[in-house]
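Q:
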Amino acid sequence: MKYEATIGLETHVMQKTNTKMFCSCKCEYGAEPNIHVCPVCLGYPGALPVMNEKAIELCCKAGMLLGCEINPYSKWDRKNYFYPDMAKNYQITQADEPLCLGGQVTVEVEGEMKTFTLERIHQEENAAKNTHIAGASLVDYNRAGTALMEIVSNPCMSSAADALAYMAAVKQIMQYGGISNCDQEKGQMRSDVNVSVRPVGQKELGSKVEIKNMNSFAFIKEAIEYEIDRQTALIESGGSVVQETRGYDPDRGETFTQRTKENAHDYRYFPEPDLMPVKVAAEQLEQWRSELPEMPAPRRDRYVAELGLPEYDAGVLTADKATADWFERAMLHTKNAKAVSNFIMGEMMRLLSEQDMIISESKVTPEKLAEIIALIDAKTISTGAGKQVFEAIFNEGGEPKAIIEAKGLAQVSDDSALDGWADEAIANNPKPVEEYKAGNAASINFLMGQVMKASRGKANPGAVMQMLKQKLDA
Amino acid sequence: MADLHKLTISELTEQLASGTCTSVDIVNDVLASIDATDGKVGAYLTIDREDALAQAKAADEARAAGSQLPMLGIPVAIKDLLNVKGQPCTCSSKILEGYIAPYDATVIAKLREAGAVLLGRVNMDEFAMGSSTENAALGKTSNPWNLDHVPGGSSGGSAACVAADEAIASLGSDTGGSIRQPAAFCGCVGVKPTYGRVSRYGLTAFASSLDQIGPLTKTVKDSAILLEVLCGHDKMDSSSIEMDVPAFAKNLSNGTSLAGMKLGLPKEYFVVGMDPEVEQSVRDAVEHCKSLGAEIIDVSLPNAKYAIAVYYIIATAEASANLARFDGIRYGMRIDGKDPIELYGKTRAAGFGSEVKRRIILGTYVLSSGYYDAYYLRAQKVRTLIRDDFTEAFKQCDAILSPVTPTPAYKLGEKSDDPLKMYLDDILTTPINLAGNCALSLPCGFASNGMPIGLQIIGDAFQEETILKVGHAFEQTTEWHKKRPSL
Chain U
1036 MKYEATIGLE THVMQKTNTK MFCSCKCEYG AEPNIHVCPV CLGYPGALPV MNEKAIELCC
1096 KAGMLLGCEI NPYSKWDRKN YFYPDMAKNY QITQADEPLC LGGQVTVEVE GEMKTFTLER
1156 IHQEENAAKN THIAGASLVD YNRAGTALME IVSNPCMSSA ADALAYMAAV KQIMQYGGIS
1216 NCDQEKGQMR SDVNVSVRPV GQKELGSKVE IKNMNSFAFI KEAIEYEIDR QTALIESGGS
1276 VVQETRGYDP DRGETFTQRT KENAHDYRYF PEPDLMPVKV AAEQLEQWRS ELPEMPAPRR
1336 DRYVAELGLP EYDAGVLTAD KATADWFERA MLHTKNAKAV SNFIMGEMMR LLSEQDMIIS
1396 ESKVTPEKLA EIIALIDAKT ISTGAGKQVF EAIFNEGGEP KAIIEAKGLA QVSDDSALDG
1456 WADEAIANNP KPVEEYKAGN AASINFLMGQ VMKASRGKAN PGAVMQMLKQ KLDA
Chain H
202 MADLHKLTIS ELTEQLASGT CTSVDIVNDV LASIDATDGK VGAYLTIDRE DALAQAKAAD
262 EARAAGSQLP MLGIPVAIKD LLNVKGQPCT CSSKILEGYI APYDATVIAK LREAGAVLLG
322 RVNMDEFAMG SSTENAALGK TSNPWNLDHV PGGSSGGSAA CVAADEAIAS LGSDTGGSIR
382 QPAAFCGCVG VKPTYGRVSR YGLTAFASSL DQIGPLTKTV KDSAILLEVL CGHDKMDSSS
442 IEMDVPAFAK NLSNGTSLAG MKLGLPKEYF VVGMDPEVEQ SVRDAVEHCK SLGAEIIDVS
502 LPNAKYAIAV YYIIATAEAS ANLARFDGIR YGMRIDGKDP IELYGKTRAA GFGSEVKRRI
562 ILGTYVLSSG YYDAYYLRAQ KVRTLIRDDF TEAFKQCDAI LSPVTPTPAY KLGEKSDDPL
622 KMYLDDILTT PINLAGNCAL SLPCGFASNG MPIGLQIIGD AFQEETILKV GHAFEQTTEW
682 HKKRPSL
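Chains as they are written, first to last, in this note's numbering: chain U, 1036 to 1509; chain H, 202 to 688.
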């Protein structure tokens, strides 16, 4: 018998707000523990939550970018459970009236375009961070109460590849929209994965297993694959899958039981009496919609159609919003899209990666790159010299023209200078000259190299070639 | 002793303004009064003597510099569930032992801004759960009119200290009658403002959708003065309303006529089992209002009979979550365990009293999977019906008159073994919290055993001015409020 898997994801995304969801404490990753705290996020007696409007804006925008309907009426609920990471011992979340409803993500998976649908996005508050050391547990409440969205997909995926493609698309859209940095190492994007297996052709879904709280794409892939295999083997051997919550142990490459259905929490959701329901005015939603940036897919298509870039270049440039924005700023000052693309994909990415920097930190500004390209196009410098100028500015800063002058990189096309170098090259290299004259056209390249060397790269290669041919063919 | 402690806010403000006394004099008199009688009454949990005198001195200096703040130099006692920065806030519970409030509740900040002197904190039922102040883990409070009787609750200390002249005024909180009932039992004036009028920020929550902070005072006018200070929108409390605060005190005319005013009398509020002396006093009070020119009409609040059931579902449900934060992790009592769950269990078992535990269990039950619809959801629907009753009634009248409690203050221990019996005593006050509107309690007589009887004046939402006007007219033309207990 053949089996198929059904997968759904609950993805938690920490929004890029300056302050927490229900108090004015600062959001800062990596700060000294427990410095960004107040009576509200520490759950002190008498403290009350007040909604962060920026978080609502970001959640609505996330919903718009993912094609959700924005719920005209959403409300807050308390989810009750005792754990030291939740100061009040209840989490403020949205149970039956979330901020965003429906939605979908269309993405290419192994060469095929697939659309994955969403159930909802709701807003909630983050938990504190627990660290367990020998004999004690430490709680850092800096993260407690930060704004967290939960993006819930429908059970509409069937493989680890689907799940990863979906996650990658969601991540890119969240980053693009300025909703979240989605830095998985900082816990800004974590997923719970629901996996079930059923015989092909069976209508109802198999028993669902939830694998909790994974932040790495690699682990999610391993966990899904392990779980599909485990459940399939279990069913094939005549057993049945127990509905439960499992964890993933990356060291052993296995999932393990955390909580069975019998021990499942009763969260006793009820409406949060300290907060009013949320009704976002239609004009406000329109305002937010008008502020949404262009998403990667249409942007990529536009680069191909309007700028004539190859698909590959357009894909690389739009993969990251900051890069694409940088590219477009450069395009305000030049028409040579391919040259800008070449510099970004070549020199820029190499140097950024070598020096572990991000594009906004580059000393080469879009304006300066446009100037370098203009100088190349005007044949003032060679492409090679342009790369030298780029690297010099990247490392030291400065203006292209001043660097060209200081390093003597201006191209030489002047016949008298070229004439001397060409004669010298012909005189000193009789063998290639003979070979060329005997019909080996490629031998001229050696002579050309000698001239370029003598000019220290400044000679205009076109002019050199023309002069050598003139002299040898005469 | 110049007996300044026996005076009202308005009388003392006049004296302070004319220079016949200072705030330091007042605080000294009040502290002397506390020393003389609080051994018997037991209203206070902590008294901030030096701090109060320092505040009084500062108030006197401010007055000398020209300040005329509404509460300048007036000593006020605080129910011990309001956070006062740097002071304990025990909620009369062992579980908050050692907790020092790191911030001021909004009402405390408002009192400071208005120049009031914070005297100390007074006793209450643990986490405001109770009607007699007998559910208090840290002290016992008696009714100043008869020390064998309860002061009422949960704001029992707030009412007892004002009745015993151990404070000029106090703050209480009212979730199901916790200001009005002790005010009635102790013969003082108490106001439960409209939900949203007064910020709850810094009030340790019992039931978030019902709690309101309000004044307990010796006169209606004093309540108006204090209420005006407490009211106003607060960005720290999402349930507080953005609405202008009327000049409650200034708008109280000295006129005693109620001509043109329609006062409703709900037939359902004269319940079976009501003490005949209470009923008679309230009916006499109604007649008195009629003699002042008010038109008395019959109104009906048919769903009031469900109020107790609805109240004890909604209030306990909210409380079960609100009190979850008292877990021994971050502040207060901690009894260690081998893991967090055991720590919680041991700490909460030792820290909470039995009534608090009873209500947490009840609230947890009504929210549980499979019971939610039958209890919590149903209760919310009936709550809407109760609110609709008031909306209908206020189409016909300006205010509603009723008793505050079915009986006067009973004896200590008399009902403490029978929680249900005590719950039923809240029948006349809880509907107002469920509906969210405002009500005032003021003295309207005495039972033959000498215990005070209260009249409840219920107003529509945000109609505090109306109930203050009726109460003030009644008070100006009666002598009940002038009687003081002999201690």
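The beta-carbon is built from N, C-alpha and C at its ideal position, and this holds for glycine as well.
(1) Give the DSSP bridge partners of U/P1080, in chain order.
(2) Give, in chain order, every unbroken run of the beta strand (DSSP E) that is at least 3 residues long and sits entirely within the stretch 386-453 of chain H.
(3) Sort out for me which residues DSSP pairs H/I296 with in a bridge.
(4) For H/N452, is the classification buried or exposed, using 16 other Cβ atoms within 10 angstroms of its Cβ as the cut-off for buried?
(5) Taking 7 angstroms as the CB-CB cut-off, is U/N1248 touching chain H?
(6) Can you check which of these residues, H/P416, H/G397, H/L427, H/K468, is closest to H/S440 by C-alpha distance?
(7) Would you mind telling me which residues of chain U sit closer than 8 angstroms to H/N634, beta carbon to beta carbon, in chain order?
(8) Pick helix, strand or coil for U/N1463, following the three-state DSSP scheme.
(9) Would you mind giving the Cβ-Cβ distance between H/A306 and H/L283, rounded to the nearest angstrom? I have them listed as a contact below 8 angstroms.
(10) Whole angstroms is fine: what's the gap from U/S1059's alpha carbon to U/V1075's?
(11) Can you list the alpha helix (DSSP H) stretches of 4 or more residues lying completely in the stretch 1360-1441 of chain U, in chain order?
(12) Is the Cβ of U/M1056 closer than 7 angstroms to any Cβ of chain H?
(13) Between the Cα of H/A360 and those of H/P653, H/E680, H/F663, H/D589, spot the shortest distance and give me the residue it belongs to.
(14) Can you tell me which residues form a DSSP beta bridge with H/G378?
(15) Taking DSSP as the reference, what is the three-state secondary structure of H/H682?
(16) Taking a contact to mean a Cβ-Cβ separation below 7 angstroms, would you say H/N324 touches H/S293 in this structure?
(17) Name the residues in the stretch 553-572 of chain H whose C-beta lies less than 8 angstroms from a C-beta of chain U; which are they?
(18) Can you tell me where the beta strand (DSSP E) with U/S1511 in it begins and where it stops?
(19) Name the one or two DSSP bridge partners that H/K280 has.
(20) Does H/L208 come within less than 7 angstroms of chain U when only Cβ atoms are used?
(21) Identify, in the order they occur along the chain, each residue of the same chain with its Cβ nearer than 7 angstroms to the Cβ of H/L493, setting aside the five sequence neighbours on each side.
(22) Enumerate, from N- to C-terminal direction, the unbroken beta strand (DSSP E) stretches of 3 or more residues contained entirely within the stretch 1210-1234 of chain U.
(23) Run through chain H and tell me which residues come within less than 7 angstroms of U/D1309, C-beta to C-beta.
(24) At what residue ranges does the stretch 588-644 of chain H contain a whole run of the beta strand (DSSP E), taking only runs of 3 or more?
(25) According to DSSP, which residues form a beta bridge with U/F1151?
(26) Run down chain U in chain order and give the residues with a C-beta less than 7 angstroms from the C-beta of H/Y577.
(27) Applying the 10 Å Cβ sphere with the 16-neighbour rule, what's the burial state of H/L544?
(28) H/R559 and H/T548 - do their beta-carbons sit closer together than 7 angstroms?
(29) Taking the alpha carbon of U/L1386 as the point to measure from, which residue in U/Y1304, U/E1426, U/D1348 has its own alpha carbon closest?
(30) Taking the alpha carbon of H/K468 as the reference point, which residue from H/S603, H/A662, H/A495, H/L312 has its own alpha carbon closest?
(31) Please list the partners that H/T405 has in chain U, where partner means a Cβ-to-Cβ separation under 7 angstroms.
(32) At a CB-CB cut-off below 8 angstroms, which residues of chain U make contact with H/E298?
(33) Name the chain H residues that come within less than 7 angstroms of U/L1077, Cβ to Cβ?
(34) Thinking H/P644 and H/L629 are a contact (beta carbons under 8 angstroms), I'd like their distance in whole angstroms, please.
(35) Which residues of the stretch 488-522 of chain H have a Cβ closer than 8 angstroms to any Cβ of chain U? Give them in chain order.
(36) For a cutoff of 7 angstroms on Cβ pairs, would you count H/R535 as touching chain U?
A: Taking the coordinates as given:
(1) In the DSSP output, where bridge partners are listed per residue, U/P1080 has none listed.
(2) Runs of the beta strand (DSSP E) inside the stretch 386-453 of chain H: 390-393, 413-418.
(3) DSSP lists no partner for H/I296.
(4) exposed
(5) No, U/N1248 lies away from the interface with chain H (no Cβ there is under 7 angstroms from its Cβ).
(6) H/G397
(7) Within chain U, no residue comes near H/N634; the closest Cβ sits about 12 angstroms away, beyond 8 angstroms.
(8) Residue state, collapsed to three classes: helix.
(9) 5 angstroms
(10) 9 angstroms
(11) As for any alpha helix (DSSP H) of minimum length 4 sitting wholly inside the stretch 1360-1441 of chain U, the runs are 1372-1378, 1384-1389, 1401-1412, 1418-1431, ordered along the chain.
(12) no
(13) H/P653
(14) The partner list for H/G378 (beta bridge, DSSP) is empty, contrary to what the question assumes.
(15) Three-state DSSP puts H/H682 in a helix.
(16) yes
(17) T565, L568, S569, S570
(18) Here chain U covers residues 1036 to 1509 and nothing more, so residue 1511 of chain U does not appear.
(19) Partner residues in the beta bridge of H/K280, as assigned by DSSP, are H/V323.
(20) no
(21) Cβ neighbours of H/L493 beyond the five flanking positions: T457, S458, L459, A674, T678.
(22) Entirely contained in the stretch 1210-1234 of chain U, the beta strand (DSSP E) runs reaching 3 residues are, in chain order, 1224-1234.
(23) S409, S439, S440
(24) 600-604
(25) Answer by DSSP bridge pairing, in chain order: U/V1140.
(26) F1305
(27) buried
(28) Cβ atoms of H/T548 and H/R559: not closer than 7 angstroms.
(29) U/E1426
(30) H/S603
(31) P1080, G1081
(32) In chain order: nothing, as chain U lies at least about 13 angstroms away.
(33) R531
(34) Rounded, the Cβ-Cβ distance is 16 angstroms, inconsistent with contact.
(35) From the stretch 488-522 of chain H, only A518, E519, S521, A522 have a Cβ closer than 8 angstroms to chain U.
(36) no
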